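First up is the structure itself, then whatever we jot down about it.
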């Protein structure tokens, strides 16, 4: 089989215990599938790597149906229509969906959305700001966290794809914004380039003290991507009627028995805190509310993003691992095949 | 000094470490105070004992100003006006307030509320259903938990003053109601007398399994009075968009370093749970919204309560301790002096 007739996939070989290891995912090869009437053949260009992928690989019931052994690993993708026997799609259309960790996928069109044909934004923007990352940041902050101008917003994984966007949206809302990140470089980036008011490197020194210093008026909204000790420390700094937005819990996704120990729950009670989780899927029907302002802010240069692109589907497990050791610099993507 | 001229108080001698011990509170004697123009002398009849008293004794900032060493211990009271030089009060008026752990107190009227003079309910009702207990149960369940008819409501400390009322209000709303309590007698009482659908004795067997068995459709609202392991187990049973009402955390109030360990926080995220704390003080302005239906339900026999009355101010520390070993049977009161 030559390149044009061979498809590759990563399939679930064993449900990972702890971090994903060699052998949990199996590299497989198959012919490029044929399409039938009312189907399209999509060649994936970008694969999005997100912390929640670790939950998807677990084989357990999550907010999506569990994967079975042998299934192609689930993943959000952007691709191009290479062949079409579907009236709604033309060759060359760019589509977003969750076509998984594979080069070619067949779709009946129900599980993908087509980008506007007159679109002027770079394709990778749709894997970030104008995609599920943007919806996550926008609705998580504004609909769940509900910050008011002048309030202090604290964000964990603040140099990550979601966190960096949350902070910039909070600045646009007139908030004081403090980010927690895992390196001096990330801290500098969110302050110097993105305009955060302060940054905390959680790897250096006492976190609770650092939060007190950086948030002299306390914390009104804590946007959490990590859970664990950082969540506990942030909880202790919350003001009256403070809010915790639970967006992700990456610190515990690899744990065999995830445990979060809270020493500040009495403070939670005394301050009448609200802690609320959300999943971006709940907001897909309202996506247009977010895309209009996000697109405008992007075009005006009021929000910035960076993507960390690794190449080659064979490197998908390595790209995922970067999220968990924090070595990614911005939104982690994998370039599966060339842009049209 | 004879009885009519002597006042007694319990004062803070040392901030308790762990459970309240002999020596933390000091029994003191002083003359019955004289009153000035625009003051009343209140003789306390009932003292309410509540888990939150332990927080008040801590000397730390809570939702109320911290007590200082030497202060009279704070406590909710119901008393009778024995002397008045205040135009709004007559001798014999019954007043509610927080006059503390003492027999006599002087007030300028701003920190007490007068019961209606034509009141027909027994006085002890105002230390329970038609008082802060009633407001706590009513607003905590309906305003924070927001149960819908047909949903399952799970309650910890369900035979306690607040929990037993929450369950009965939830039944009136058409919910399935399951209570967690600490003895077989309490479990029988909430099912046989109060009409709960099921009860779980947390001292016998695996709690998570018991919750699954008693809540076959999962839990929609968990009303928490205890925190700790029971909160964690309940969290794991929550349905999509489940709600946790954080009313109290009695399991950790005596702990020197309170810790709550959660193994079910990923479930919290996946199910988009909302966990929200409240304090009854936030609802005092809306008390009339609750008192009208509560009074009606009480008069119709649709809600029942029981009080556990210990006698004599000297026994106040012992009455408080009963809340923490679970030996109280319903709302714990202390009879300080005779009803008029």
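Residue numbers (this note's numbering), protein chains in the order written: chain A, 1 to 340; chain B, 341 to 680. Glycine residues also receive a C-beta, built at the ideal position from the N, C-alpha and C atoms. Note that this is a predicted model, so its numbers are computed, not measured.
Selected residue, minimal CA-CA separation from residue i, among the options
i, options, result
"residue 152 of chain A", "A/120, A/168, A/9", "A/168"
"residue 31 of chain A", "A/96, A/103, A/11, A/59", "A/103"
"residue 486 of chain B", "B/473, B/474, B/506", "B/506"
"residue 676 of chain B", "B/369, B/373, B/354, B/384", "B/384"
"residue 605 of chain B", "B/571, B/623, B/619, B/621", "B/571"
"residue 91 of chain A", "A/117, A/101, A/77", "A/117"
"residue 403 of chain B", "B/535, B/620, B/585", "B/620"
"residue 581 of chain B", "B/416, B/600, B/561, B/599", "B/561"
Cα-Cα separation between residue i and residue j, rounded to whole angstroms
i, j, result
"residue 122 of chain A", "residue 8 of chain A", "26 Å"
"residue 610 of chain B", "residue 559 of chain B", "15 Å"
"residue 397 of chain B", "residue 356 of chain B", "7 Å"
"residue 563 of chain B", "residue 20 of chain A", "37 Å"
"residue 661 of chain B", "residue 143 of chain A", "43 Å"
"residue 455 of chain B", "residue 364 of chain B", "34 Å"
"residue 267 of chain A", "residue 679 of chain B", "38 Å"
"residue 192 of chain A", "residue 198 of chain A", "10 Å"
"residue 617 of chain B", "residue 159 of chain A", "30 Å"
"residue 46 of chain A", "residue 94 of chain A", "11 Å"
"residue 358 of chain B", "residue 658 of chain B", "15 Å"
"residue 37 of chain A", "residue 6 of chain A", "22 Å"
"residue 414 of chain B", "residue 452 of chain B", "14 Å"
"residue 150 of chain A", "residue 176 of chain A", "6 Å"
"residue 11 of chain A", "residue 70 of chain A", "5 Å"
"residue 479 of chain B", "residue 579 of chain B", "22 Å"
"residue 666 of chain B", "residue 137 of chain A", "45 Å"
"residue 592 of chain B", "residue 249 of chain A", "25 Å"
"residue 66 of chain A", "residue 39 of chain A", "25 Å"
"residue 237 of chain A", "residue 594 of chain B", "22 Å"
"residue 80 of chain A", "residue 212 of chain A", "49 Å"
"residue 134 of chain A", "residue 312 of chain A", "25 Å"
"residue 174 of chain A", "residue 181 of chain A", "22 Å"
"residue 190 of chain A", "residue 215 of chain A", "16 Å"
"residue 354 of chain B", "residue 441 of chain B", "16 Å"
"residue 262 of chain A", "residue 602 of chain B", "8 Å"
"residue 1 of chain A", "residue 72 of chain A", "The predicted model places residue 1 of chain A with a pLDDT of 38, which falls under 50 and marks its position as unreliable, so this point remains unresolved."
"residue 203 of chain A", "residue 247 of chain A", "21 Å"
"residue 127 of chain A", "residue 395 of chain B", "49 Å"
"residue 575 of chain B", "residue 291 of chain A", "34 Å"
"residue 148 of chain A", "residue 585 of chain B", "24 Å"
Cβ neighbours of residue i in the same chain (closer than 7 Å, five flanking residues each side left out)
i, result
"residue 654 of chain B", "367"
"residue 375 of chain B", "381, 423, 425, 446"
"residue 635 of chain B", "470"
"residue 573 of chain B", "547, 548, 551"
"residue 464 of chain B", "386, 647, 673"
Cβ shell of residue i (< 6 Å), same chain only, five flanking positions each side left out
i, result
"residue 298 of chain A", "129"
"residue 157 of chain A", "163, 225, 226"
"residue 50 of chain A", "none"
"residue 330 of chain A", "306, 307, 308"
"residue 274 of chain A", "243"
"residue 155 of chain A", "163, 166, 167, 179, 223"
"residue 540 of chain B", "520, 550, 554"
DSSP state of residue i mapped onto helix, strand, coil
i, result
"residue 311 of chain A", "strand"
"residue 168 of chain A", "helix"
"residue 420 of chain B", "strand"
"residue 223 of chain A", "strand"
"residue 467 of chain B", "helix"
"residue 393 of chain B", "helix"
"residue 282 of chain A", "helix"
"residue 529 of chain B", "helix"
"residue 408 of chain B", "coil"
"residue 34 of chain A", "coil"
"residue 250 of chain A", "helix"
"residue 435 of chain B", "strand"
"residue 237 of chain A", "coil"
"residue 62 of chain A", "coil"
"residue 344 of chain A", "Past the edges of chain A, shown from 1 to 340, lies residue 344 of chain A, and the structure says nothing about it."
"residue 296 of chain A", "helix"
"residue 476 of chain B", "helix"
Close beta carbons around residue i, own chain, < 8 Å, minus the five adjacent residues each side
i, result
"residue 3 of chain A", "Note that residue 3 of chain A has pLDDT 49, beneath the 50 cutoff, so the model's placement of it is unreliable and no number is given."
"residue 98 of chain A", "74, 75, 76, 77, 111"
"residue 401 of chain B", "none"
beta-carbon residue i near the ligand FAD non-hydrogen atom, thresh 7 Å
i, result
"residue 520 of chain B", "The ligand FAD is not part of the structure shown, which contains no ligands of any sort."
Whether or not the segment 622 to 636 of chain B and the segment 645 to 652 of chain B are in contact is what I'm after, with contact meaning three or more pairs of Cβ atoms, one per stretch, closer than 8 Å; do they touch? no
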